[in-house]
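If you use numbering that gives the first Met the number 0, the sequence shown corresponds to residues 0 to 283, in order. Positions of the beta carbon are idealized from the N, C-alpha and C atoms, including for glycine.
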Amino acid sequence: MGDVLAGFHAAWEFESDSVLIRYERGIRTPKLFQVLGTRRIPLAALAGVTLGAGRRGTVVLRAEPRPGADLLMDAADGQLKESCDPYRLVLPAEQETPAERYAERLRARLFATGPADRHLVAAPKAPLQFKAYDGKASFDGTAVRFRWSRTGASSAKWKAGDQSFPVADMGGVEWRSPEAFEGHLRLLPRDTGAAAPLSQPDQDPASVVFGLGYGPVHESLPFAAAVLAAVRERGPAMPVPVPAPHRDPAGIAERIRHLGELHRAGLVTDDEFSLKKAELLSEL
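What follows is the structure in structure tokens.
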């Protein structure tokens, strides 16, 4: 193809076997896009293409990645805000006609269906690191390391000490958006035995917790995708253990303290604070 559609935050170049996406670096461009920079999406990684009306005089062209083809989207697990979806191209309404033409041409070239048997879109590369609320996470391509913060880490994590997790010992990655009340990154074990309950993230030495500006999406999600790519290159992940149904009282107190900080910072409303606090207390 070789044609280009330029949107508000990205430009898509249509090639014979792929779509090359170049994200803008402007001040209004989502930080995740700026970190991603340029991505080549093979047509084999796509299941479909849609075009629909957007907000305030725009149209939206969206490509649908196949499960397993893009580990960034697998790690996100549907938690990205619409504005941060790297597969959405927002265009002025007057570009609807060329956008529809390119969408039809793309659809004609898409033949793969169902989950991909391997990732087809390049994952972010190590080394990577970011600061979480309770520690610092780093990944060198072979192991993930957690170094705990003196002010944010729970007593359980301090007792366990700083952690190092070789990729060979991991079965997967669990990422929960920092834009939720209790975002976290958890490293799941490669366990061939019976699934054991997992501790809550603030008590689990295999997890770091997000909050108060720590572990933002544009840092923690590419990190999770890079680790997930390394894990899957070694073989299929093992079943994920189910979370523990109850928390330790000390852990609940720690989460209420964290929630209070969000409330004082104006990131949580009075009603949200009261509701979530009641939920946490009900788990005692």
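By the criterion of a C-beta distance shorter than 7 angstroms, Asp2 is surrounded in its chain by Phe13 and Tyr101, once the five residues flanking it on both sides are discounted. According to the DSSP secondary-structure assignment, Ile20 is paired through a beta bridge with Trp11 and Arg38.
Ranking Trp174, Glu178, Ala179 and Phe180 by CA distance to the CA of Leu186 puts Trp174 first. Beta bridge pairing from DSSP links Ser137 with Gln128 and Arg144. By the criterion of at least three beta-carbon pairs nearer than 8 angstroms, the stretch 75-84 is not in contact with the stretch 116-127. Ser273 carries a helical assignment under DSSP once its states are collapsed to helix, strand and coil. As computed with DSSP, Thr57 is found in a beta bridge with Pro91. Note on Phe110: under 16 other CB atoms within 10 angstroms of its CB, so exposed under the neighbour-count rule.
Bounds of the alpha helix (DSSP H) holding Ala223 are Val216 to Glu232. The Cβ-Cβ distance between Phe129 and Glu218 falls below 8 angstroms. Straight-line measurement puts the Cα of Thr49 at about 49 angstroms from the Cα of Gly160.
In the three-state reduction of the DSSP assignment, Asp73 falls in the helix class, which pools H, G and I.
Residues of the same chain with their beta carbon placed closer than 7 angstroms to that of Gly212 are lacking, with the five preceding and five following residues left out of the count.
Residue burial is scored here from C-beta neighbours: Ser15 has fewer than 16 other C-beta atoms within 10 angstroms and is therefore classed as exposed.
Take Ala92, set aside five residues on each side of it, and the residues of its chain with a beta-carbon closer than 7 angstroms to its own are Gly56, Thr57 and Val58, in chain order. Ala136 is positioned such that its CB atom lies closer than 8 angstroms to that of Val207. The distance from the Cβ of Leu60 to that of Leu88 is about 4 angstroms, consistent with a contact at the 8 angstroms cut-off. For Ala155, the uninterrupted alpha helix (DSSP H) run begins and ends at Ser154 to Ala159, by DSSP.
A direct Cα-to-Cα measurement between Asp270 and Ala277 gives close to 11 angstroms.
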